[in-house]
Amino acid sequence: MATKHEQILNYIGELPIGSKISVRQIAKALGVSEGTAYRAIKDAENKGYVSTIERVGTIRIELKRKENIEKLTYAEVVNIVDGQVLGGKNGLHKTLNKFVIGAMELDAMMRYTEAGNLLIIGNRINAQKHALNTGAAVLITGGFDTEDDVKRLADKLELPIISTSYDTFTVATLINRAIFDQLIKKEILLVEDILIPRNETYYLTTNDKVESWFELNKQSGHSRFPVIDQNFKLEGIVTSKDVLNQEDNRPIEKIMTKNIISVTSTTSVASASHMMIWEGIELLPVVDEQYRLMGIISRQDVLKALQTNQRQPHVGETIDNIISNNIHVDEEKQVENKLYTFDVTPQMTNHHGTLSYGVFTSLIIESANRAFRSVKKGELIVENITIYFFKPVQIDHTISIIPKILEIGRKFGKVDIEVFNEGSIAGKAMMMFQFIDR
Numbered sequence: 001m002a003t004k005h006e007q008i009l010n011y012i013g014e015l016p017i018g019s020k021i022s023v024r025q026i027a028k029a030l031g032v033s034e035g036t037a038y039r040a041i042k043d044a045e046n047k048g049y050v051s052t053i054e055r056v057g058t059i060r061i062e063l064k065r066k067e068n069i070e071k072l073t074y075a076e077v078v079n080i081v082d083g084q085v086l087g088g089k090n091g092l093h094k095t096l097n098k099f100v101i102g103a104m105e106l107d108a109m110m111r112y113t114e115a116g117n118l119l120i121i122g123n124r125i126n127a128q129k130h131a132l133n134t135g136a137a138v139l140i141t142g143g144f145d146t147e148d149d150v151k152r153l154a155d156k157l158e159l160p161i162i163s164t165s166y167d168t169f170t171v172a173t174l175i176n177r178a179i180f181d182q183l184i185k186k187e188i189l190l191v192e193d194i195l196i197p198r199n200e201t202y203y204l205t206t207n208d209k210v211e212s213w214f215e216l217n218k219q220s221g222h223s224r225f226p227v228i229d230q231n232f233k234l235e236g237i238v239t240s241k242d243v244l245n246q247e248d249n250r251p252i253e254k255i256m257t258k259n260i261i262s263v264t265s266t267t268s269v270a271s272a273s274h275m276m277i278w279e280g281i282e283l284l285p286v287v288d289e290q291y292r293l294m295g296i297i298s299r300q301d302v303l304k305a306l307q308t309n310q311r312q313p314h315v316g317e318t319i320d321n322i323i324s325n326n327i328h329v330d331e332e333k334q335v336e337n338k339l340y341t342f343d344v345t346p347q348m349t350n351h352h353g354t355l356s357y358g359v360f361t362s363l364i365i366e367s368a369n370r371a372f373r374s375v376k377k378g379e380l381i382v383e384n385i386t387i388y389f390f391k392p393v394q395i396d397h398t399i400s401i402i403p404k405i406l407e408i409g410r411k412f413g414k415v416d417i418e419v420f421n422e423g424s425i426a427g428k429a430m431m432m433f434q435f436i437d438r
């Protein structure tokens, strides 16, 4: 039986794209309290089903799929630029595929403007009308209003006309930043990207006997199975250790491990891998908000996904990507240990003009990571780090980083790192890593 919260989410999910919703309307339609309706609408907004716009209300928008995550809706643009909707409110749910800056003559501008575009322009009435007739929405910069006939045209064509107090450069920067952030999110691997769905998962129920474990083991070759009840709610997990020396007719419920660790579909793969190492487990059940089994992920799935992701080209670069790309091996100077060099660029500095502590820490971790990778295969996770900052590093200086492996075992490794600037020591660190064996 679905909860009231689930019923509201399902109701919102079935509404046509562009529908306007409110707390009172949902409460009346489903016979729930306004508090319950409000919480569900907020949850739907977090999940990407709806978008709330000041002075407009909450509207149903198309749920973004990962392959289209870099595309924005007009409703999102309104929030990004702190805009005011002057007309065409019924088209806010639509997706824009390109934005055009109208800094040219009208004829030239229309050659670049197509249906589904967003034309960023000032108070040029003719250009606004032409853009709407072409099928493009309009974003007016500088806080200007527009004429009533333009607003009526926008309402008729269901194409938003938005006004913002920002200038054109700021607006373009804000939208570009939003798309860039979306691209970075697209690259983050989530559990939902690699999970084995429930219909392909081998599992046991609380009513099964020990003999069922042996049948599944023979059929699948696996030794770990999640245990669920009749409503698919996760109750525990059973392994070969649990069934050892147990009678065949003993209920699984009596021998399974309860209070187990699980993840949700939106957990990052990196976080899931850390749980697996820390707890020493091979299999993680994936559950929904009601703790119902959605599927499983295995250690092999996680490792394969992390390795594949490292080989993918990155479109939106994070700070870590930029740091990693600028660390180079100095083949001439290294003797016993590898020596890495790094040029301090303006983006890497703090307000004092020296290398920031965050970048310094990332440099040390990346250098130690590379040193371990040269002698041992597998993924690494930092468990402990102690850093000493001796001297500030100035902008445009080239620093040398020398990681020295002190100890390396099957599951753990220790490394000492020294950072030099112009021949004198600038920092030192001691680190401890955990390994995920491949």
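When the letters of the sequence shown are read in order and numbered with full-length UniProt numbering, they come out as residues 1 to 438. Here a beta-carbon is modelled for each residue, glycine too, at the ideal position from N, C-alpha and C.
Same chain, Cβ closer than 8 Å to residue i, five either side skipped, listed in chain order
i: Leu-96; result: Lys-71, Leu-72, Thr-73, Tyr-74, Val-77, Gly-116, Asn-117, Leu-118, Ala-137
i: Thr-3; result: Gln-290
i: Ile-385; result: Thr-361, Ile-364, Ile-365, Ala-429, Met-430, Met-431, Met-432
i: Leu-190; result: Ser-265, Thr-266, Thr-267, Ser-268, Val-269
i: Leu-339; result: Val-329, Asp-330, Lys-333, Ser-400, Ile-401, Ile-402
Helix, strand or coil at residue i [DSSP, three-state]
i: Ser-265; result: coil
i: residue 478; result: The structure shown has nothing for residue 478, since the chain only spans 1 to 438.
i: Phe-232; result: coil
i: Phe-433; result: strand
i: Glu-253; result: helix
i: Lys-258; result: coil
i: Ala-172; result: helix
i: Asn-97; result: coil
i: Val-393; result: coil
i: Phe-144; result: coil
i: Gly-427; result: strand
i: Pro-189; result: In the sequence as presented, Pro is not what sits at residue 189; that position holds Leu. In the structure shown, Leu-189 sits in coil (DSSP, three-state: anything other than H, G, I, E or B).
Residue i versus residue j - alpha carbon distance
i: Pro-226; j: Lys-241; result: 14 Å
i: Glu-67; j: Ile-425; result: Caution is warranted here: a pLDDT of 44 is assigned to Glu-67, below 50, making its placement in the model unreliable, and the coordinate value is therefore given only provisionally. If you take the alpha carbons of Glu-67 and Ile-425, they lie about 47 Å apart.
i: Leu-293; j: Asp-145; result: 53 Å
i: Arg-250; j: Asp-208; result: 9 Å
i: Asn-245; j: Val-210; result: 10 Å
i: Gly-83; j: Ser-22; result: 21 Å
i: Tyr-49; j: Ser-400; result: 49 Å
i: Glu-192; j: Glu-62; result: 19 Å
i: Glu-6; j: Ile-194; result: 25 Å
i: Leu-234; j: Ala-40; result: 24 Å
i: Ser-212; j: Ile-237; result: 14 Å
i: residue 452; j: Thr-398; result: A query on residue 452 cannot be resolved here, the shown segment of the chain reaching from 1 to 438 and no further.
Opening and closing residue of the beta strand (DSSP E) in which residue i lies
i: Val-138; result: 137–140
i: Thr-58; result: 57–60
i: His-328; result: 327–329
i: Ser-51; result: 50–53
i: Val-23; result: No beta strand (DSSP E) holds Val-23; the alpha helix (DSSP H) holding it covers 23–30.
i: Glu-211; result: Premise fails: Glu-211 lies in the alpha helix (DSSP H), 210–220, not in any beta strand (DSSP E).
i: Glu-407; result: 398–408
i: Glu-383; result: 379–389
i: Gln-84; result: 84–87
i: Asp-416; result: 412–421
Same chain, Cβ closer than 6 Å to residue i, neighbours up to 5 away in sequence not counted
i: Thr-134; result: Thr-113
i: Leu-157; result: Leu-132
i: Gly-87; result: Lys-151, Ala-154, Asp-155, Ile-161
Same chain only: Cβ atoms within 7 Å of residue i, ignoring 5 sequence neighbours per side
i: Leu-283; result: Arg-224, Ile-296, Ser-298
i: Glu-366; result: Ile-323, Ser-324, Ile-327
Span of the alpha helix (DSSP H), counted from its first residue to its last, around residue i
i: Gln-134; result: According to the sequence provided, residue 134 is Thr. The question's Gln does not apply to it. Segment 125–134, the alpha helix (DSSP H) holding Thr-134.
i: Thr-341; result: Here Thr-341 belongs to no alpha helix (DSSP H); instead the beta strand (DSSP E) covers 340–343.
i: Leu-363; result: 357–373
i: Val-77; result: 74–80
i: Ile-12; result: 4–14
i: Ile-41; result: 34–47
Below-8 Å beta-carbon distance, residue i vs any chain B residue
i: Asn-199; result: The chain labelled as chain B is not found in the depicted structure, where only one protein chain is given.
Burial state of residue i, where buried means 16 or more other Cβ atoms lie within 10 Å
i: Gly-280; result: exposed
i: Gly-427; result: buried
i: Leu-106; result: exposed
i: Ala-108; result: exposed
i: Arg-60; result: buried
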